[in-house]
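A.B. asks: Following this message is one structure expressed as structure tokens.
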Amino acid sequence: MTSYLTGLIGAGIGPSLSPALHEREADRHGVRLVYRTLDIDVLGVPPEAVGELVHAARRLGFDGLNITHPCKQLVIEHLDELAPEAAELGAVNTVVFRDGRAVGHNTDATGFARSFARGLADAPTGDVVQLGAGGAGAAVAHALLNLGVDRVTLIDTDPSRAAALAAALVTRFGAGRAVSAPAGATAESVGAADGLVHATPTGMVAHPGLPLPAALLRPGLWVAEVVYRPLETELLREARALGCRTLDGGGMAVFQAADAFRLFTGLEPHTGPMFADLGDLAAFPA
Ligand code: NAD
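Structure representation (structure tokens):
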């Protein structure tokens with residue numbers, strides 16, 4: 006039987022759904038896939054140890070790794086090659102070991118793009134406001150501009166993060182495609198937007214609540230969520246109650262895993278059953 010050895014490097018990844026998503030999908034293909042978590046907090050090593058861990062995994066015969074917070078940028082200098090999306094983004098969430106080389110990919114961006122195409126394909130894409138300019142926010146904003154959104158307005162409680170991401174996006178996509186706005190301008194920005202993308206941890210069990218006042222939502226605004234635990238966040242509940250078109254964070258989670266599974270194994274993932282798995286697994290709070 007063909008077998009694969011894979012894993013995830015990051016901090017605080019004990020509750021990750023990735024092992025179950027990958028192993029269940031491998032079962033459906035009749036191949037054996039083992040997915041281990043290599044948690045730097047548990048190992049007691051700093052984020053910079055990602056290079057050593059990637060090196061060790063390669064020597065131990067791993068086929069690939071997922072990489073998450075806080076190692077997505079730090080891993081780059083330890084790789085032989087980057088796929089175009091990862092090179093543009095400057096962040097890697099998937100490493101494939103093949104023919105003696107370690108190649109970095111970014112399936113967060115492709116995952117969000119596929120989820121958007123599935124759930125909001127015909128939504129208006131003039132002006133989009135995105136809350137959150139961290140790791141997920143960088144991948145999502147990149148995907149939005151690749152999808153043809155005219156302009157993304159980035160708002161983060163840490164204004165320097167929004168400004169830095171806007172500057173990086175303008176370099177890649179051109180003047181005017183991304184701007185940053187202060188948190189105080191949220192009402193004005195959302196009022197003029199076609200869609201709202203949420204890319205902060207607000208709405209998770211550890212960060213309950215709404216990332217913006219509910220009064221700023223209106224029926225014509227579409228709302229895309231990145232949080233997927235729970236799948237139905239307070240933001241999505243409020244937006245759906247008003248009749249907004251919505252996209253939950255589960256699609257990005259499934260498609261980033263599916264795209265990584267394809268890279269690890271060369272097999273075409275069954276995304277339908279992966280969505281069902283995510284629904285089961287995300288029902289338990291992280
Ligand atoms: P991060 O810490 O790198 O970034 C979060 C950013 O949000 C920070 O810059 C912070 O200053 C900002 N922020 C926090 N509250 C805010 C608010 N109310 N308004 C504006 N900005 C605010 O975190 P991350 O890695 O980007 O993850 C964010 C969320 O995305 C997490 O909940 C994570 O689980 C989720 N995520 C989902 C997927 C998926 O596949 N669906 C993938 C990656 C991350």
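Numbering follows the numbering used here, with no gaps: position 74 of the sequence shown is 79. Ideal placement from N, C-alpha and C gives every residue a C-beta, glycine not left out.
1. Would you mind working out which of Gly66, Phe67, Ile81 sits nearest Thr73, comparing C-alpha positions?
2. Under the rule that 16 or more other beta-carbon atoms within 10 Å means buried, what is Gly230, buried or exposed?
3. Report yes or no: do three or more beta-carbon pairs, one from the region 59 to 79 and one from the region 261 to 271, lie closer than 8 Å?
4. Taking its Cβ as the centre, do 16 or more other Cβ atoms sit within 10 Å of Leu240, making it buried, or is it exposed?
5. Since I believe Phe269 is in contact with Tyr9 (beta carbons under 8 Å), could you give me their beta-carbon distance rounded to a whole number of angstroms?
6. For chain D, check one thing: does any of its Cβ atoms lie closer than 9 Å to the Cβ of Leu217?
7. For Phe67, which residues in the same chain have their Cβ closer than 8 Å to its Cβ, ignoring the five residues on either side in sequence?
8. His275 and Glu28: beta carbons closer than 9 Å?
9. So, helix, strand or coil for Phe67, using DSSP?
10. With DSSP as the reference, identify every bridge partner of Thr11, one or two as the case may be.
11. List, from N- to C-terminal side, the alpha helix (DSSP H) runs of 4 residues or more that fit wholly inside the region 137 to 219.
12. Between Asp253, His34, Leu43, Gln78, which lies nearest to Leu201 when the distance is taken from Cα to Cα?
13. Indicate whether the contact test is met: 3 or more Cβ pairs, each with one atom in the region 38 to 45 and one in the region 89 to 98, closer than 8 Å.
14. If Ala61 and Asp85 are in contact, beta carbons under 8 Å, what's the gap, nearest whole angstrom?
15. Under DSSP, the beta strand (DSSP E) around Arg106 begins and ends at which residues?
16. Between Glu160 and the ligand NAD, is there a pair consisting of the residue's CB and a ligand heavy atom that are separated by less than 8 Å?
17. For Gly255, which residues in the same chain have their Cβ closer than 6 Å to its Cβ, ignoring the five residues on either side in sequence?
C.D. replies: Reading it off the structure:
1. Ile81
2. For the record, residue 230 in the displayed sequence is Glu; it is not Gly. Label assigned to Glu230: buried.
3. yes
4. buried
5. 6 Å
6. Reference to chain D is not applicable here, since this structure consists of a single protein chain.
7. Leu10, Thr11, Gly12, Phe102
8. no
9. coil
10. Tyr40, Gly69
11. 140 to 151, 164 to 178, 191 to 196
12. Asp253
13. no
14. That belief does not hold up - the Cβ atoms of Ala61 and Asp85 are roughly 16 Å apart, past 8 Å.
15. 106 to 110
16. Per the sequence shown, the amino acid found at residue 160 is Ile instead of Glu. Ile160: yes, Cβ under 8 Å from the ligand NAD.
17. Tyr233, Leu236, Leu283
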